[in-house]
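Structure, rendered in structure tokens:
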């Protein structure tokens, strides 16, 4: 593919992504507003808190539309590199387990008394959107599991040095990508949930004072739980890739004998090869990963400031 064709391909991809984002925004806007023109639905939809939740939800769906296709492409490329059979099955089962762990806190908080939508119709719409979000998250979580299986595979020993390095760097790049996307999705879920809780609290205060309201501080618990799950998903994969990187380092640049003439040059080659692999990531990279992992908790802090009742 020459330069002109690549530019045309990138421009087409950007236009398609933009179009999907617009469609996602319009879809969510329609789902949450259809049939709410009058009566109790109109009262609920007429609050400013509902409007904030509406636009945040639509923006969240736009984000899903932007990342869904790249996620599936990344995940597919990783899965095709894994030998068929038990490794793929293990990756799939692990991903399913983590999806459940991510979904359980959100569903549990949804079912708390006082957090439920004041209207059954809106509750069903929220569940529909949540199901779509979980579907988009599947390739991200599956990608983490595929990366872990890839890191523990010994097939790199049959590759050339250049191919082994390229495969390792590709895996670490994908890890950062999956972490950024999954962290963004979880954070948006917490912020949107906070906006919805505020909309329901405002409705209950005005039209159903007997129901009571739910303190938005529960979002801090939700954010902490999801940050913990994200940490448990990320750290084993990061550790497996680091172990693979050190195996590659020891294989291609073993530690030279201290008494040998090649000691200093050998150490220098080893240092350069370590930098090429990206081992011993910089403080900036560590900080970026920590921020992404803690983003659900940070999002819950932001969501608590959406409270307009205090």
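Residue numbers (our numbering): 7 to 316. Virtual Cβ for every residue (Gly too), placed ideally from N, Cα, C. Quantities reported herein were computed from a predicted structural model and do not represent experimental measurements.
Item, Value
"Report yes if the C-beta distance between residue 184 and residue 139 is below 9 Å; otherwise report no.", "no"
"If we ignore side chains and look at the alpha-carbon of each, how far apart do residue 54 and residue 211 end up?", "14 Å"
"Would you identify the three-state DSSP class for residue 214, choosing helix, strand or coil?", "coil"
"Which value, in whole angstroms, describes the spacing of the CA atoms of residue 21 and residue 65?", "17 Å"
"Helix, strand or coil, according to DSSP, for residue 289 in the structure here?", "Its pLDDT being 47, under 50, residue 289 is placed unreliably in this model, and the value from its coordinates should be taken loosely. Residue 289: helix per DSSP, three-state reduction."
"Do residue 69 and residue 191 have their CB atoms nearer than 9 Å?", "yes"
"Tell me the residue span of the alpha helix (DSSP H) that contains residue 234.", "224 to 258"
"Buried or exposed: where does residue 67 fall if 16 or more other Cβ atoms within 10 Å of its Cβ makes it buried?", "buried"
"Could you tell me whether the Cβ atoms of residue 77 and residue 145 are closer together than 9 Å?", "yes"
"Can you give the Cα-Cα distance for residue 241 and residue 201, rounded to whole angstroms?", "30 Å"
"Report buried or exposed for residue 199, applying the criterion of at least 16 other Cβ atoms within 10 angstroms of its Cβ.", "buried"
"Helix, strand or coil: which one does DSSP assign to residue 158?", "coil"
"Please list the terminal residues of the continuous alpha helix (DSSP H) segment that includes residue 272.", "269 to 283"
"Tell me the rounded alpha-carbon separation between residue 247 and residue 38.", "43 Å"
"Once DSSP output is grouped into helix, strand and coil, what is the label at residue 221?", "coil"
"Does the segment 168 to 185 come within contact of the segment 263 to 274, defined as at least 3 CB pairs closer than 8 Å?", "no"
"Quick one: what does DSSP say residue 27 is sitting in, helix, strand or coil?", "helix"
"Just how far apart, CA to CA, sit residue 189 and residue 83?", "21 Å"
"Check this for me: beta carbons of residue 252 and residue 285, under 9 Å apart or not?", "yes"
"Quick one: what's got a C-beta closer than 7 Å to residue 194's C-beta in the same chain, skipping five residues either side?", "66 and 69"
"If you drop the 5 nearest sequence neighbours on each side, which residues of the same chain put their C-beta closer than 8 Å to that of residue 186?", "298"
"On the premise that residue 152 lies in contact with residue 162, defined as a C-beta separation below 8 Å, what is that separation, rounded to the nearest angstrom?", "So it is not a contact: roughly 15 Å between Cβ atoms."
"Helix, strand or coil, according to DSSP, for residue 190 in the structure here?", "helix"
"Using a Cβ-Cβ cutoff of less than 7 Å, which residues in the same chain neighbour residue 233 once the five nearest sequence positions on both sides are dropped?", "299, 300, 302 and 303"
"Rounded to a whole number of angstroms, what is the C-alpha to C-alpha distance between residue 164 and residue 129?", "54 Å"
"For residue 120, name the three-state secondary structure that DSSP assigns.", "No answer about residue 120 holds up, because its pLDDT of 47 lies below 50 and its placement is not dependable."
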